[in-house]
Amino acid sequence: MIIEWLTGFTIVVGSGFMLVAALGVLRMPDLLTRMHATTKAGVLGAGLIMIGVALHFASGPVLAKAVAIIAFLILTAPVAAHVIGRAGYFMGLSLWDKTTVDELKGRYDEATHTLTSPPDTDTPPDGQGRA
Amino acid sequence: MLHYAIIVSYLLLSLALVLGFIRLVRGPSLADRVVALELLASLTVGFIGVSVIYSGRAPFLDVAMVLALTAFLAAVAFARYLEKGGQRSDH
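Going line by line, the protein sequences match chains A and B.
Note that numbering that gives the first Met the number 0 gives residue 59 to position 60 of the first sequence, counting from 1, and the numbers run on in steps of one.
Note that numbering that gives the first Met the number 0 gives residue 3 to position 4 of the second sequence, counting from 1, and the numbers run on in steps of one.
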C-alpha cells in the first residue's frame, strides 16, 4: 500500500518535472537558457520515474536496469549539454538581449576553436603568477 | 490510486511532448531543434517508464536504456556537425 503511494508520487512528480522542462524549452529566450531548463529538469524527471519503476517491481533485475538508466542519464546529460552549447556558441547564435556579460567574447579563435587566456591584469610585475 | 497516478503522469508527459514539439518545429536555429529533440528523447524514456508500470512488463525497460543511449549519440553527432561546418546563423 505504501509502496503503491510512493510509486504514484514519484511518477507524478517526475512527470511534473518533465512538463516544467518542456515549458522551459518553449518559453526561455535563447539557446543556453533553454538547455538550462531541459538538462536538469529533464534528467530529474526521468530519474524520478525510473525510481518509481524500481519501487513498483521491487526485484533485483528491474532495480539494476533502473539504476543503469539513471546512471547513464546523469553521465551523458552534462556531456551532451556541453557539446551542444559549445557548438551553439561557434555557430554565432545571438544571446538573449538582457544578457549582461559574455566572458568568451573575443577569446575563442574562430578558425582553430581554441580558447585563449584573458589578459592577466593582477599578475605581480616580478613574473610570479597566481597559485 | 496507482491507476490515477498513471493517468495523470500520461497526461503531463503528453502535454510536455506537445510543448517540446512546438519548439522543435519553431526552431529558430538548428541547435534549438537539437535541444528540443533531446528533451523529446528523455520524455520518451519517462513515457516508457510509466508504460512499464502500467503494463507490468519489466523487459520494456531495455527500450528506455537503448533510447537514452542513442539520443546521447545523436546529440553528440549533431553538435559535431554544427561545430565542424554546419550552417552559421550570423552571416
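Backbone N, C-alpha and C define an ideal beta-carbon position, used for all residues, glycine too.
Remember, it's a predicted structure, so these values are computed and weren't measured experimentally.
C-beta neighbour in chain B for residue i, strict 8 Å
i: A:Gly-157; result: Any answer about residue 157 of chain A is impossible in this case: the structure gives chain A only from 0 up to 130.
i: A:Val-24; result: yes
i: A:Leu-30; result: yes
i: A:Ala-45; result: yes
i: A:Arg-33; result: yes
i: A:Lys-64; result: yes
i: A:Gly-7; result: yes
i: A:Leu-114; result: no
i: A:Gly-59; result: no
i: A:Gly-105; result: no
i: A:Trp-95; result: no
i: A:Ile-48; result: yes
i: A:Thr-75; result: yes
i: A:Ala-67; result: yes
i: A:Ile-1; result: no
i: A:Thr-37; result: yes
i: A:Ala-110; result: no
i: A:Ile-10; result: yes
i: A:Ala-70; result: no
Bridge-paired residues (DSSP) for residue i
i: A:Tyr-107; result: A:Leu-114
Rounded Cβ spacing between residue i and residue j (contact assumed at less than 8 Å)
i: B:Leu-12; j: A:Met-17; result: 6 Å
i: B:Val-44; j: A:Ala-110; result: Their Cβ separation, rounded to whole angstroms, is 38 Å, which puts B:Val-44 and A:Ala-110 out of contact at 8 Å.
i: B:Ala-40; j: B:Ala-70; result: 3 Å
i: A:Val-19; j: B:Leu-38; result: With 8 Å as the limit, A:Val-19 and B:Leu-38 do not qualify as a contact, their Cβ atoms being about 11 Å apart.
i: B:Leu-18; j: A:Leu-43; result: Incorrect: roughly 17 Å between the Cβ atoms, too far for contact.
i: A:Gly-13; j: A:Leu-47; result: 3 Å
i: A:Met-49; j: A:Ile-68; result: 5 Å
i: A:Ile-10; j: B:Ser-8; result: 5 Å
Residue-level contact to chain A via CB, residue i, 8 Å cutoff
i: B:Val-51; result: yes
i: B:Ser-41; result: yes
i: B:Arg-56; result: no
i: B:Arg-22; result: yes
i: B:Leu-36; result: no
i: B:Gly-45; result: yes
i: B:Val-33; result: yes
i: B:Val-75; result: yes
i: B:Gly-26; result: no
i: B:Val-65; result: no
i: B:Val-7; result: yes
i: B:Gly-84; result: no
Would you call the stretch 31-43 of chain A and the stretch 48-60 of chain B in contact, with 3 or more CB pairs under 8 Å?
-> no
Runs of alpha helix (DSSP H) wholly within the stretch 10-96 of chain A (minimum 4 residues, chain order) | 30-56, 59-89
Touching or not, the stretch 81-96 of chain A and the stretch 77-84 of chain B, by the rule of three or more beta carbon pairs under 8 Å?
-> yes
So, do the stretch 3-17 of chain A and the stretch 44-59 of chain A have three or more beta carbon pairs nearer to each other than 8 Å?
-> yes
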